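Chains as they are written, first to last, in this note's numbering: chain P, 1 to 276; chain F, 1001 to 1276.
One structure is given here, and the rest of the page talks about it.
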């Protein structure tokens, strides 16, 4: 059986086409479409991410506005900036870059976002909607996982998905999205005993644990579908949470880099376009 | 090994004591404390439930206000009633009885609740808080399951909990609460294949599937802890989702009736008292 490499690029390209059409139609109708990115202070990782997003907005004809607050900004000041963007008809979406400096209450900032402009499911209202099965407003990375599985026509109904990691941005939302697609879902994490034994039962493995090469071939059932959300910076470059040798045992897998990450960035633009 | 019957009564009584103290202290300070119950139309099951709740409010010295809207009320009218209660300082909590008649958008009603007065986690804001691990505002039944496990000192950290059922009111929230307590969590449902095999792996089984006697002894690992959320009306009276014979195999179990249900009703009053 040949192993399917679920590359992110074709998924991203297909999404981009749809987004482009929506954006062009809106602009023809005289509507301005821009993504606002709010940074507080000068976190280098946030700037790298922002640069990448700005490149994609540009390629899709989406405008952008960078709101840069000083590193000493208060929660109230960040919320004030978010509220202004909430009320600005030219802004289709707002992304406040997390984590914020210590003195800023990131959750309060998320809660201040107008739910329809909340690009990465930071507001409790969108989290609550996800919980009751209205998952289209989930965060970009879990949506990217689902978009890849869908693009490559991986059957989900009745399959046993094992999610490694229980973060608010990936593990928990992707578990809910898989549940919504009628998967049986197990969530494993740092306190899980007999983890390899559990992962071996999975038809679908989603690794979002943040440890380079954590999932080894002995932990994977032959023929399983493996989605690697990990982005770990190592001496050997960027590697995933899944050891490369797992590819030989899986029926399908996402590469790192070039897998979930690529699609996740485009999902941000998909979120911008969802109100058009 | 003797099997522990995790009766709900002592759990409920312990909770009641705490609630009573809080309510009395608030009343001594001149604060009025009342639960508002909103019904639309004349659903008999809602009236039975309301009667039971009113009996408990009374026993705890909590006031009550029954808001009865006609069965033809519109969504806007129900929301208007909820908003009035939101702004009423004498009302500590609001419970709109679900399900509402067809023409009323129950989700919109839930979303209209002031989150701090939302007694059963109907508002998306409270659902979102639960999702990111702020579970104290979860719905009453999942909180009752956790209260029972805690009262009977059942170890949770690192245990494998299998939840049967994925409803918004029980399955999903109890899965999140168990995850928060460091359980490994599997959610099974109607599309799950090899369900008995999965349940047999559980250290803790939570049955919330709504089928009388669904969980049979062959599906349970010897020594497992079994929480039965089911309330099924049968010819033989009210029975749970777990067959009675499971008690012989489990190390601990909740009876039906007299288990989760008893505690769940008191959790409603705990929610009323949480703002005091």
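Beta carbons: idealized from backbone N, C-alpha and C, even for Gly.
Model, not experiment: these values are computed from the prediction.
For residue 1128 of chain F, the enclosing alpha helix (DSSP H) covers residues 1124–1131. Here DSSP, grouped into helix, strand and coil, assigns residue 106 of chain P to helix.
Taking 8 Å as the threshold, the shortest C-beta distance from residue 1141 of chain F to chain P does not fall below it. In chain order, 1038, 1109 place their CB closer than 6 Å to the CB of residue 1096 of chain F, counting only its own chain and leaving out the 5 sequence neighbours on each side. At a Cβ-Cβ threshold of 8 Å, residue 1207 of chain F and residue 1185 of chain F do not count as neighbours.
By the rule that beta-carbons nearer than 8 Å mark a contact, residue 179 of chain P touches chain F. The C-alpha of residue 261 of chain P lies about 52 Å from the C-alpha of residue 1002 of chain F. The continuous alpha helix (DSSP H) containing residue 83 of chain P extends over residues 75–86.
At least one beta carbon of chain F lies nearer than 8 Å to the beta carbon of residue 184 of chain P. Its Cα nearest to that of residue 1102 of chain F, the residue F:1040 stands out among F:1040, F:1020, F:1046. Contact note: residue 1158 of chain F reaches chain P through 191, 192, 193, using a C-beta cutoff of 8 Å and chain order. Remark: C-beta atoms of residue 168 of chain P and residue 1131 of chain F approach each other more closely than 8 Å. Listed along the chain, the chain P residues whose CB falls inside 7 Å of the CB of residue 1132 of chain F are 127, 168. In terms of Cα proximity to residue 160 of chain P, the closest of P:142, P:183, P:172 is P:183.
If you draw a 10 Å sphere on the C-beta of residue 79 of chain P, you find 16 or more other C-beta atoms in it, and that means buried. The alpha-carbon separation between residue 275 of chain P and residue 116 of chain P amounts to approximately 7 Å.
Residues of the same chain with a CB within less than 7 Å of the CB of residue 1273 of chain F, apart from the 5 flanking positions on each side, are 1019, 1022, 1023 in chain order.
In the structure shown, residue 1261 of chain F adopts helical secondary structure according to DSSP, grouped into three states. Of the candidates F:1193, F:1233, F:1194, F:1227, the residue whose Cα lies closest to the Cα of residue 1203 of chain F is F:1227.
Between the segment 251–259 of chain P and the segment 1229–1238 of chain F, the count of Cβ pairs shorter than 8 Å is below three; the stretches do not touch. Restricting attention to F:1120, F:1015, F:1241, the CA atom closest to the CA of residue 1142 of chain F is found in F:1120. Between the segment 1070–1078 of chain F and the segment 1053–1061 of chain F, the count of Cβ pairs shorter than 8 Å is below three; the stretches do not touch. Restricting attention to beta strand (DSSP E) runs no shorter than 3 residues, the segment 135–165 of chain P encloses them at 160–164, ordered along the chain. Taking 8 Å as the cut-off, the beta carbon of residue 1128 of chain F is found no closer than this to the beta carbon of residue 173 of chain P. In the three-state reduction of the DSSP assignment, residue 274 of chain P falls in the coil class, being assigned neither a helical nor a strand state.
Leaving aside the five residues that flank residue 54 of chain P on each side, the residues in its chain whose CB is nearer than 6 Å to its CB run, in chain order, 64. Residues of the segment 1086–1102 of chain F with a Cβ closer than 7 Å to any Cβ of chain P: none. Contact of residue 123 of chain P with chain F by beta-carbon distance below 8 Å involves 1128. For the segment 10–24 of chain P, the set of positions with a beta-carbon nearer than 8 Å to some beta-carbon of chain F is empty. Taking a contact as a CB-CB distance under 8 Å, the pair residue 33 of chain P and residue 114 of chain P does not count as one, their CB atoms being some 16 Å apart. Within 10 angstroms of the beta-carbon of residue 1190 of chain F lie fewer than 16 other beta-carbons, which makes it exposed.
Proximity to residue 1239 of chain F across F:1265, F:1162, F:1210 peaks at F:1210, based on C-alpha coordinates.
One thing to note: residue 267 of chain P has its Cβ within 8 Å of the Cβ of residue 140 of chain P. The C-alpha of residue 1016 of chain F is placed about 33 Å away from the C-alpha of residue 1235 of chain F.
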